[in-house]
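Chains A and B are the protein sequences, given in the same order.
Be aware that the first sequence starts at 1, since it is given in the working numbering, and climbs by one per residue.
Be aware that the second sequence starts at 274, since it is given in the working numbering, and climbs by one per residue.
The beta-carbon is built from N, C-alpha and C at its ideal position, and this holds for glycine as well.
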Amino acid sequence: MNDSHQEVFDNIKGTVGDVTVADPKMRLSNVNVFYGEKQAIFDVSLDIANNEVIAMIGPSGCGKSTFLRCLNRMNDTIPTCRVSGEMSLDGEDLYGPSLDTVLLRARVGMVFQKPNPFAKSIYDNVAYGPRIHGLAGNRAELDEIVIESLQKAGLYEEVKDRLEAPGTSLSGGQQQRLCIARTIAVSPEVILMDEPCSALDPIATARIEELIDELRQNYAIAIVTHSMQQAARVSQRTAYFHLGKLVEVGSTNQIFTNPAHELTENYITGRFG
Amino acid sequence: MSITSLLLLALCLAFVSFIIGRQKAYAVASRNGGTRTLHSLPGHYGIMVGLWCALPALAIIIGWKLFEGPIVSSMLDSAIPEAIHAKGDKAVELYKNEINNLAASGVPSGVPSTEQDASKIGAANRLNSLRSYSAIALMILTIAVAVIGAALAYRKIKTDTEARPIVERIVHFFLVASASIAILTTVGILFSVVFEAARFFQQVSIVEFVTGTKWSPQTAIRVDQAGSSGSFGAIPLFMGTLLISAIAMVVAVPFGLMSAIYLAEYASSRTRAIVKPLLEILAGIPTVVYGFFAALTVAPMIRRLGDSIGLSVSSESALAAGTVMGIMIIPFVSSLSDDVITAVPQAMRDGSSGLGATQSETVRKVVFPAALPGIVGGILLAASRAIGETMIVVMAAGLAANLTMNPLEAVTTVTVQIVTLLTGDQEFDSAKTLAAFALGLMLFITTLVLNVIALHVVRKYREQYD
């Protein structure tokens, strides 16, 4: 960090706006994340509500993806990563000794920045999760889960004639919807999306955004995005991260029309970032 | 002057011309207002002059050496007495060889004892003087050509001389020539084997060779000699090769694959940094050492083990040779598999663990299927290595060509038979020795086909993620 960064960093004192909600799906308080010696997240608290899309925005390297990856403990796969703080899903401690990360990740699904279908057929991509979790008793049930997930992801009509084709043969936008279908197939309660549209063209992006809005009926969704228009379009609440700290949280409407913190205002008006 | 020093001289001249050429380019540049005015960089002009100096000189040296022998030899004909010429070409050859030896070992200075000796010594002296003339002529010619070439190129250095494309073309030519040499060598090896094998198939029918089940290559050397007439059925050899290679693959594939998965997916980077080189040391052990190990340690061990459970095991069992060969090729399998497993994108692993799969589920259901084509390619390459492996089987497998699939018996392999057919004093016109070439050809074709398939599979796999 150079001096001006240090100054900005020191001036972020706590979070502006109410980080809690009345009926939280996930509650995160005083989260700190370290990569080796380097601290990436500083004392962040945030609630994630049911049936709501919360957008996390901020300049590159502000820690929003790192924070998102704490929510289903994907950071565990990075050997040097250390996480502290209190995190819970429906009141159950995420980092508690009795928690099984396998079950956690089935409940908190994740969609990645770049579409990453497995080198399998479309069907097998979606059936992957249900199979490893034993969600279907027989082939008919599995078929049903796969078709329903593809329908929810808005992909079924396009691929119903070629479910055995490789998932990698689809276009980028279709692949991303396939990954969403794959995530939905294990019936998660929360869906985390890490810049799900950054590799897609505007039409595919619009399709995914519609889908996110529909999915809100059944899931809690946290989405990291670099596009402020996207955050404004799909989310109900917005959290602004800067240099590893959570600067401001509020309703999307308020953040984009009347930001309380200067840094937030600078960012959404395009003065930096 | 020897050929080596001549080459060195040409090289030095080329270097000097490079320096001079570059200097002139700088001079030309400064006269015209900076290196910007030159078509190419000064270094390119230097290289151009250097190459114009070295390449013609090199061509002269190579051409001279190619034609020197025959020309000197024909000039020597006059020094050979009529009496020898009258005896025919073979006698002339012999006489020339004697002169050669005499010339090479130093002509004795004493008084020759017979008239024939005197003429030989005379011829040898003449040969020596011819050769020294030739060497001096070559040296003068080389230097002249080098200097003239350099001078011509030197004169061509002007602002608009396109030295850069010339240098590019010459570099291109050299690269093509290097690649061609490797390919031509392979073709040459193939042809030498094919022609000898063709001679073999004139004596033994190809059908008998490919379908016969009895291998006994001993043939009578003289017509009146008692002994076997030889039978050349290659099936027992190929079955033996197949058996031993199969055992080797049974050992190498699981161990190699699992160590690759461990290294790529589970090991920490520190463990990996230590274990991977250690595993690759296995590939560096000379095969003859594996041979000792197989013959002196593993084979008796397997035999004792077999005895203790009431099985009779031959002391040169296919099992011993195959097991040790398998250990030898573990690093091939593990190293190639490790590469393809590591090449599977991290995003796939994240996607799988993001769905709640455990690490072993991720490896089994996502990473391994994605890497499978590459792994198969690696295994095929290892298999062709096992089939061609010689030293271990020479030491640890038997010589008896048993047609059996029992790994506890002694079998022999194609490579072992090639070695036994060709070692020792042999004449290269009997079916026995020529059989080695036919076997070599078959082996070559087998491994070639395997390699082609393997490379094809590996390439197909690469395309998937590019």
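As DSSP reads the structure, residue 39 of chain A sits in a beta bridge with A:34. The C-alpha of residue 222 of chain A is placed about 18 Å away from the C-alpha of residue 91 of chain A. Residue 81 of chain A is bridged by DSSP to A:35.
With its beta carbon less than 9 Å from one in chain B, residue 105 of chain A belongs to the interface. Rounded to the nearest angstrom, the Cβ distance from residue 15 of chain A to residue 47 of chain A is 12 Å, too far for a contact under 8 Å. Assignment of residue 73 of chain A by DSSP, reduced to helix, strand and coil, places it in the coil class.
Under the Cβ distance rule, residue 128 of chain A counts among the residues neighbouring chain B, one pair being separated by less than 9 Å. Interface with chain A (9 Å Cβ-Cβ cutoff): residue 634 of chain B is included. For the region 73-94 of chain A, residues whose beta-carbon sits nearer than 7 Å to a beta-carbon of chain B comprise 74, 77, 79.
Rounded to whole angstroms, residue 156 of chain A and residue 227 of chain A show a C-alpha spacing of 27 Å. For residue 47 of chain A, the pairing in a beta bridge is given by DSSP as A:27. With respect to the C-alpha of residue 522 of chain B, the residue from B:632, B:548, B:605 having the closest C-alpha is B:605. Listed in chain order, the positions of the region 639-652 of chain B with a beta carbon within less than 8 Å of a beta carbon of chain A are 639, 642, 643. The residue among B:623, B:518, B:640 with its C-alpha nearest the C-alpha of residue 684 of chain B is B:518.
The closest CA to that of residue 378 of chain B, considering only B:706, B:357, B:400, is found on B:400.
By the neighbour-count criterion, in which 16 or more other beta carbons inside 10 Å mark a residue as buried, residue 120 of chain A falls on the buried side.
Residue 294 of chain B and residue 287 of chain B have their alpha carbons spaced roughly 10 Å apart. The C-beta separation of residue 346 of chain B from residue 369 of chain B comes to about 7 Å, placing the pair in contact by the 8 Å criterion. In the structure shown, the three-state DSSP call for residue 86 of chain A is strand. When DSSP reads this structure, residue 56 of chain A sits in a beta bridge with A:224, A:239. Nearest neighbour of residue 423 of chain B by Cα position, chosen from B:320, B:392, B:464, turns out to be B:320. At a Cβ-Cβ threshold of 9 Å, residue 123 of chain A and residue 170 of chain A do not count as neighbours. As far as DSSP is concerned, residue 67 of chain A takes part in no beta bridge.
Here the C-alpha atom of residue 208 of chain A lies approximately 21 Å from the C-alpha atom of residue 49 of chain A. Within the same chain, and ignoring the five residues on either side of residue 504 of chain B in sequence, the residues whose Cβ sits closer than 6 Å to its Cβ are 487, 489. Closest in C-alpha terms to residue 491 of chain B, from the list B:709, B:575, B:647, B:619, comes B:709. With contacts defined as CB atoms closer than 9 Å, residue 192 of chain A and residue 30 of chain A fail to qualify as a contacting pair. Looking at the backbone, the Cα of residue 96 of chain A and that of residue 130 of chain A are separated by about 25 Å. DSSP places residue 506 of chain B outside any alpha helix (DSSP H), giving it a letter other than H or E. Shown here, residue 676 of chain B sits in coil according to DSSP, grouped into three states, outside any helix or strand. When the beta-carbon positions are compared, residue 427 of chain B and residue 303 of chain B stay at least 9 Å from each other. Taking C-beta atoms under 8 Å as the contact rule, residue 529 of chain B and residue 614 of chain B fail to qualify, at a distance of about 12 Å.
One Cα belongs to residue 418 of chain B, the other to residue 437 of chain B, and the distance between them is close to 23 Å. Residue state for residue 444 of chain B is assigned as helix, using DSSP reduced to three classes. Residue pairing from DSSP places residue 110 of chain A in a beta bridge opposite A:192. Linking residue 591 of chain B to residue 455 of chain B through their CA atoms gives a straight-line distance of about 35 Å.
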